[in-house]
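Peer 1: Residue numbers for the sequence shown follow the working numbering, so the first one is 109 and each next one is one higher.
Got a structure here, written out as structure tokens. Questions coming.
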Amino acid sequence: MDVVVLSRFQFAFTVAYHFLFVPLSIGLGLIMALAQTRAYRSGDAADQASARFWVRLFTTTFAVGVATGITMEFAFGTNWADYSRFVGDIFGAPLAAEALFAFFLESTFLGVVLFGRDKVSPKFYLVASWLVWAGSLLSALWILIANSWMQTPAGYEIAADGSKAVLTDFWAAAFNPSVVARYAHTIIALIIMGAFVAIAIGAYHMRNGKGDFGKKTLATGTVVAIVACVLMIPAMHQQAVVVANEQPEKLAAMEGQYEEGPVGMYVFGWVDEANETVVGIEVPIGGMTSILASGDPSTSYIGLHQVQAKYGETAPVQIVFQAYHLMVAMFGAIGVWIILSLVATLRVRKGAEPSRGLLKALMFAPLFPFVAIQTGWMVTEVGRQPWIVWEELRTADAISQSVDATQLLITIALFVLVYAFILVMYLRVALGIIKEGPVTAAIESSEAKGAN
């Protein structure tokens, strides 16, 4: 089998798996900090138990996220050695900053949250909770700076022998043209993820007798989700503008645009790659994507024929097209589920119980942001092919020359087995925590020790 294909599959598999837990931990970090704030303000035993519940769930997710991220660090040196040599001068600073500042901040204050509840003041404990979330946001920033540089490289020059990129302007590289839009788009998506998990957990506990915890959790998740979704609309627009301006070749794949011209928008469809056309339902407004990207329906963008002529190949059009439209469809589903969650929350505020059917529907809420995040990531990464560093280094030229197909097949099989085991164990622990819910007995025991 082709070594490049296997290398790409292995890295895509490990990244996609890692990217299940990172969005969840960052999203849950905000819900945890909000629960700690409620507990600090009220001093109520039930709120304190709720705060501890979110700490347990966040910590479990954070631990798996860290463990699965280590794999990628090794992959850079084993399977992607030529890539590492090419970007080493550029990536050293952001990855070091991520480890030294962000991860250090997050881990240190997570230690305070886990072990310092009765050893530091309540105010410091609350601040530590928020700093854990701040650390996760900072960590995501440095990682996305590195990723965005691969999409829209800046602040560098190629060495005379062409072997590597050399950093010439740190700030230009750090704030390359796509980093702000990508960071805003990603972080808001992760917050929606955490909010939808809170909505699902709240609905589950309302259906299973822990009404007060369920109602508060449902309300928190609903408010956070509404605010985040409102902020997502301009973030999505800005992301579309950046893609259109900086990577119009990716835009062509997203909408299956073969000829240069204004870009329409499909609701859904299928790319007939043999006949170079798309069969599907299109938004009945001409140049809709051009409107979103530039405000002008007549704005012309490059087509896949021009991309083929320019690079000799295009991104896998079907994958990018379907992933992009599935992501958009999931955002529509997210909007519907927010309305359902708002209906349930308003019924609770009026003293009525939401129907069991409505609560059951809300328990499926996390499915939509999960799919949206994964497909959005696919659009980002698959859409920039054949480049691993945009217009500088092709993916086929970035793999390690010493790794063969047999080694890749063996490691892929091992990754699948180990990751399946980790996923089963994580689900057992996380679902156990969710099923148990807040444990007020632990609060009473702690207070009794304090009194003695």
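Glycine is no exception: its CB is placed at the ideal position from the N, C-alpha and C atoms.
1) Residue range of the beta strand (DSSP E) that Val274 falls in?
2) Please state whether DSSP places Arg457 in a helix, a strand or coil.
3) Taking the alpha-carbon positions, what's the Glu390 to Gly377 distance?
4) To the nearest angstrom, how far is it from the Cα of Ala308 to the Cα of Ala473?
5) Select from Val524, Leu138, Thr397 and Leu516 the residue whose C-alpha is nearest the C-alpha of Trp238.
6) Thinking just about the alpha-carbon of each residue, which of Thr330, Arg116, Val490 and Asn353 is nearest to the one in Met471?
7) Any contact of the region 338-345 with the region 486-495, i.e. 3+ C-beta pairs under 8 Å?
8) Just to confirm my understanding: we take Pro285, look at its own chain, exclude 5 residues before and 5 after, and list those with CB closer than 7 Å. What are they?
9) Taking only three categories from DSSP, how would you classify Thr260?
10) For Arg502, which beta-bridge partners are listed by DSSP?
11) So Thr122 packs on Ala183, CB below 8 Å; how close in whole Å?
12) Along the chain, where does the beta strand (DSSP E) that runs through Trp188 open and close?
13) Tell me the start and end of each unbroken alpha helix (DSSP H) in the region 401-458 that is at least 4 residues and wholly inside, in chain order.
14) For Thr169, list the residues DSSP reports as bridge partners.
15) My output table needs one value for Ile266: the three-state DSSP class, helix, strand or coil.
16) For Gly540 and Val451, what's the separation of their Cα atoms in angstroms?
17) In or out: Met533 buried (at least 16 other Cβ within 10 Å) or exposed?
18) Look up Asp226 in the DSSP assignment and say whether it is helix, strand or coil.
19) Give the straight-line distance between the Cα atoms of His345 and Glu461, rounded to the nearest whole angstrom.
20) Can you find the residues in the same chain that come closer than 6 Å, C-beta to C-beta, to Arg290, ignoring five residues on each side of it along the sequence?
21) Helix, strand or coil for Glu390? Go by DSSP, reduced to three states.
22) If you count every other CB in all the chains shown that lies within 10 Å of the CB of Ala327, and 16 or more means buried, which is it?
23) Could you tell me the alpha carbon to alpha carbon distance between Val305 and Val235, rounded to whole angstroms?
24) Who are Thr176's beta bridge partners in DSSP?
25) With a threshold of 6 Å, establish whether the CB of Phe523 neighbours any heavy atom of the ligand ZN.
26) Across which residues does DSSP place Gly377 in a beta bridge pair?
27) What three-state label does DSSP hand Gly369 in the structure shown?
28) Tell me the DSSP secondary structure of Asp320 in three-state form.
29) Considering just the uninterrupted stretch of the alpha helix (DSSP H) at Gln509, what are its terminal residues?
30) Cα separation between Thr325 and Ala171?
31) Measuring CA to CA, which of Ala528, Gly302 and Ser463 is closest to Ala141?
32) What is the DSSP secondary structure of Gln346, counted as helix, strand or coil?
33) Among Gly411, Val335 and Asn383, whose alpha-carbon lies nearest the alpha-carbon of Val372?
34) Just the Cα atoms here: how many angstroms apart are Ser192 and Gly185?
35) Which residue marks the beginning of the alpha helix (DSSP H) containing Met471, and which one marks its end?
36) Does the beta-carbon distance from Ser158 to Pro546 come in below 7 Å?
Peer 2: This is what the structure gives:
1) Ala273 to Leu275
2) In the structure shown, Arg457 adopts helical secondary structure according to DSSP, grouped into three states.
3) Their backbone Cα atoms lie some 8 Å apart in a straight line.
4) 6 Å
5) Leu138
6) Thr330
7) no
8) Thr260, Ala262, Val350 and Glu354
9) The three-state reading of DSSP puts Thr260 in coil, since its state is none of H, G, I, E or B.
10) Looking at the DSSP assignment, Arg502 forms a beta bridge with Trp495.
11) At roughly 7 Å, the Cβ-Cβ gap stays under 8 Å, so Thr122 and Ala183 are in contact.
12) No beta strand (DSSP E) holds Trp188; DSSP gives it neither H nor E.
13) 412-419 and 425-457
14) DSSP output for Thr169 lists no bridge partner at all.
15) strand
16) Taking the straight line joining both Cα atoms gives about 28 Å.
17) exposed
18) coil
19) 38 Å
20) Leu252 and Ser256
21) strand
22) Buried, by the Cβ-count rule.
23) 23 Å
24) According to DSSP, which records beta bridges pairwise, Thr176 is partnered with nothing at all.
25) Annotation note on the ligand ZN: not contained in the displayed structure, which lists no ligands.
26) Gly388
27) strand
28) helix
29) Note, Gln509: premise wrong, no alpha helix (DSSP H); not H, not E.
30) 23 Å
31) Selected option, being the one with the closest Cα: Gly302.
32) Taken through DSSP and simplified to helix, strand or coil, Gln346 comes out as helix.
33) The identity of residue 372 in the sequence shown is Gly, whereas the question assumes Val. Taking the Cα of Gly372 as reference, the smallest distance to any Cα among Gly411, Val335 and Asn383 is reached at Gly411.
34) Distance between the alpha carbons of Ser192 and Gly185 is about 7 Å.
35) Run containing Met471: none; DSSP gives neither H nor E here.
36) yes
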